[in-house]
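Protein chains in written order, with our numbering: chain G, 1 to 430; chain U, 1001 to 1356.
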Amino acid sequence: MRNTLILLIIAAGGSTVALAKSSSCIDCHISSEWVTDTTIVTDFTSGDIHFKMGISCDDCHGGDPKLGLEEGDPDLAMDPRKGYKPPPSRLTTPDFCGGCHSNIEYMKKYNPRLPTDQLKLYLTSVHGKQLYDKKDTKVAVCTDCHGIHKILPSSDSRSLVYHNNVPETCRQCHGSPQYMKGYKYNGRQIPTDQYDEFSKSVHGILVLEQGDNSAPACNNCHGNHGATPPNLASVSAACGECHAYNRDFFNASPHKEPWQDLGYPECEQCHGNHFIPPVNDEMIGTGESAFCLGCHEEGDGGFAAALSIKAGIDSLKQALESAEKVVKEAEERGVEGGQARFDLGAAKDNLTRVRSVIHTFDPQQVAEITTSGMRVAHQVEQTAEAALGDIKARQIGLAISLIVVLYVAIVLWRKIKQVDSRTDFVVRGK
Amino acid sequence: MAFRDRLYNWWNERVDLDNLLAFLKHKTVPHHRFSIWYYVGGMCLYLFIVQVITGILLLLYYKPTAEAAYESVQYIMTEVPFGWLVRSIHSYAANLFIGLIFVHMFSVFLMKAYRKPRELTWISGALLLFLAMGFGFSGYLLPWNQLAYLATNVGTNFAVMIPGIGQWVLEFLRGGPEVTGATLTRFFGFHVAVLPGITTAVLGLHLLFVQRLGMSVPLSIEKEIAEGKAPRREIPFVPNFLYRDILGWTLALGLIVLLSSMFPWELGEKADILKPAPPHVRPEWFFVFMYQTLKYVPKAVGVFGFGIAGAVWVLLPFFDRKSNRGEPNSLYTIIGVIAVLYMAVFTLIGYVAPGE
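Written out as structure tokens, the structure reads:
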């Protein structure tokens, strides 16, 4: 048994051989003679980051594994007088883990880049407050998100806290109506459809379907150890982490203050929170699906601004579409359109830019970009049209040259007939 | 004395024009049911001249560096008056040139025109085919577009298979271990200086041999003449043969201009060495039969095999002794037909079902 175990551990990682040899914990906990659940050891030795770092059972649980090894008595190894700490309860888990993870000096030895403020942050989180203040052990503790004896680093794609797995991990509790029953935020039952909503959103599709770990998961907006529902002021701060331009434009816009006064949650007001559908240009303006009409009506300044902004975007889109059509036609008819394509790309950049600048809600700023984009688009269109005109000239030139070729060919043919008729091809006397 | 006569006399006194005209007046070419193939060689010569002229025009604007090559060709295609036409003619004529060299070579092969005393004409012709392929290979990279870049990568890679000196040849061709701007500059040098110089010399020899030895008459025709079944027929080179040549050249020019105007030669995307290669990258069409073959046999064996086959092909007149004696040799006809079929089928597979 011992040899098998040592081999198993050698296979898992050479640096841990010494640990296995000196520890009786693994000897007993892998044997069904002593314990009913042997998965603790198999989990721990099959990739747990602590195991890989050479941290042994007694580093967390205390006791004296050497004694157990020498005397063959597990009780000696797990003697509280030797510092043995039984598995922590849910209530004590954060402190149990925090014992090491909050110790800067200790953590430096293993990973100097790893933060050591997890426990501090946890105490500020809704989870932490519920646990410590209300002794509510249903809330998430370290092991719920990280696992117990099979803790993988968050960079490992199998980890429960790997970026793209985070929504599923949060869903374990937040997606269960039974589990979440009774939990309220702002006096209202916390919903349990966040995962479903998120999975349909632009972010969710990127994270869950396309495996894109640059798109945000739950923790990017809510925090992880300090998880908390973002309040009104911090919604735009969360979104602005990635959408920095839009945040800055909005913060300088005339909407900033009145929305604050009205208690509107900035970005979320138009874009939603967990379910953020793909944006479209109909969200702004005075059309049926425009959000502006929620507050503005015909005759007020906001209505006029929305109308002007939408008109600018539509005009730019139209100009781009028209230029694209002519460039495509020119390309299909064999005209080299590399430069036109390049310039059209620059005009298209203006459309992308203006979709961000609309967060200023300033028709003047929007018009500057749309007008410059339209100017480029029109130039491109004119160039492509000139190229198409050139094709016509080419075709006329081709027709003329083919007529000349044909004429020369006919003349030559007649000449050949003429000289052939005067020639005697048969060679005589050779 | 009229000005024309005075001019003629001036030249005649210096370069003996009378003699030249007398020679041309008496020069004849055999005339029989296979004599259409005699015009293919002249067509190749004509296309070579078209290449030289259009190539010189392209040189006025082309810039042989990785940074500027693509943009300069783009400039030729969009800004230079008739630049699109000149480049398209250069590209279409290049492909037609190589295609017709193959036709010329196989027609010569199947008519056994390489037989004694025309061995040197055949050898110089075979060398011209290799030189033309070299022109094609080096010229393809010059626009520095993605397809050409990838094809050159694939093509030069095979150099490694040459026993002993493979790596050296690869680095010599590429100007380093990878296809880079250094390769482009090098290929430009091959394309506009080294190959034209060698080709002009070999072409001069080829034409000299053709001139000195005349056109070969196929054995079957010779037999018919010998048995009195048909008379020996010849056609005066000037003007009958020359008129036919010019008619062919005129029609070829019309075809090339038609293609160039209706479907100007594409430029594609600029070469990006970081971009992943798309599936089924293949070299130019005239290398595809070899490229496809190398997918089925070990590459070293394939490269060695093609090397040997090429050498045997060049020295073919020395192997076909029966034809040299003036006897029909159906074995070589079969070999020729198989070679044509093999090249056609493997080229087709390369385009239709290239595999991995």
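Quick reminder that beta carbons are idealized off the backbone N, C-alpha and C, glycines included. Remember, it's a predicted structure, so these values are computed and weren't measured experimentally.
The three-state reading of DSSP puts isoleucine 1235 of chain U in strand, counting E and B together.
Taking C-beta separations shorter than 7 angstroms and ignoring five residues to either side along the sequence, the partners of isoleucine 1349 of chain U in its chain run Gln1292, following chain order. Residue U:Leu1141 holds the alpha-carbon nearest to the alpha-carbon of arginine 1186 of chain U among U:Ile1098, U:Leu1110, U:Asp1005 and U:Leu1141. In the structure shown, the three-state DSSP call for asparagine 1145 of chain U is strand.
Nearest C-alpha to aspartate 314 of chain G among G:Gly147, G:Thr371 and G:Leu160: G:Thr371.
In the structure shown, the three-state DSSP call for valine 1029 of chain U is strand. For the region 390-403 of chain G, the residues whose beta carbon sits under 8 angstroms from a beta carbon of chain U are, in order, Arg394, Gln395, Gly397, Leu398, Ser401 and Leu402.
Look at the region 1214-1275 of chain U and you find these whole runs of beta strand (DSSP E), each 3 residues long or longer: 1234-1236. The closest CA to that of histidine 378 of chain G, considering only G:Thr137, G:Lys348, G:Ile358 and G:Val126, is found on G:Lys348.
With a cutoff of 8 angstroms on beta-carbon distance, leucine 1247 of chain U and isoleucine 403 of chain G are scored as not near each other.
Ranked by Cα distance from aspartate 362 of chain G, the first of G:Lys392, G:Glu33 and G:Phe249 is G:Phe249. For proline 65 of chain G, same chain residues with a beta-carbon under 8 angstroms away, outside a window of 5 residues either side, are Ser22, Ser23, Ser24, Cys25, Ser56, Cys57, Asp58 and Ala77 in chain order. Assigned with DSSP and collapsed to three states, arginine 1115 of chain U falls in coil, not helix or strand. Residue pairing for tyrosine 185 of chain G: DSSP places it in a beta bridge opposite G:Arg188.
For asparagine 1240 of chain U, the nearest CB of chain G lies under 8 angstroms from its own CB, placing it at the interface with that chain.
Cβ neighbours of aspartate 136 of chain G within its own chain (closer than 8 angstroms, five residues either side excluded): Gln130. Between histidine 101 of chain G and tyrosine 84 of chain G the beta-carbon gap is near 21 angstroms, outside 8 angstroms, which marks them as no contact.
Isoleucine 1165 of chain U and tyrosine 1070 of chain U have their C-alpha atoms roughly 32 angstroms apart.
Approximately 16 angstroms separates the beta-carbon atoms of leucine 152 of chain G and glycine 54 of chain G; this is outside 8 angstroms, ruling out the contact. Shown here for alanine 319 of chain G: same chain residues with a beta carbon closer than 8 angstroms to its own, the five before and five after excluded, namely Ala347, Gly373, Met374, Ala377, His378 and Glu381 in chain order. At least one C-beta of chain G is nearer than 8 angstroms to the C-beta of glutamine 1074 of chain U. If you look at asparagine 350 of chain G, you'll find it in the alpha helix (DSSP H) that goes 338-357. When Cβ-Cβ separations below 8 angstroms define contact, serine 1261 of chain U makes contact with chain G. Contact check between the region 1269-1281 of chain U and the region 1298-1305 of chain U: fewer than three CB pairs, one atom from each, fall below 8 angstroms, which does not count as touching. Using beta-carbon distances, proline 1218 of chain U does not count as an interface residue toward chain G, since no partner is under 8 angstroms. Below the 9 angstroms Cβ cutoff, chain G contributes no neighbours of leucine 1045 of chain U, its closest Cβ being approximately 18 angstroms away. Taking the beta carbon of glutamine 339 of chain G as reference, the chain U residues within 8 angstroms of it are Gln1074 and Thr1078, listed in sequence order. Rounded to whole angstroms, arginine 341 of chain G and arginine 394 of chain G show a C-alpha spacing of 22 angstroms.
Annotated three-state conformation of valine 426 of chain G is strand, per DSSP. Closest in C-alpha terms to threonine 143 of chain G, from the list G:Val161, G:Ala290, G:Lys134 and G:Asp133, comes G:Val161. Judged by DSSP in its simplified three-state form, tryptophan 34 of chain G adopts coil rather than helix or strand. Inter-residue distance for proline 1117 of chain U and methionine 1043 of chain U is about 24 angstroms (C-alpha atoms, whole angstroms). Between leucine 1060 of chain U and arginine 1087 of chain U, the beta carbon gap of about 12 angstroms keeps them out of contact (Cβ cut-off 8 angstroms). CA-CA distance, glycine 226 of chain G to lysine 200 of chain G, rounds to 26 angstroms. Around the CB of glutamine 1074 of chain U, 16 or more other CB atoms lie within 10 Å, so the residue is classed as buried.
Between alanine 244 of chain G and asparagine 164 of chain G, the gap from beta carbon to beta carbon reaches 8 angstroms or more.
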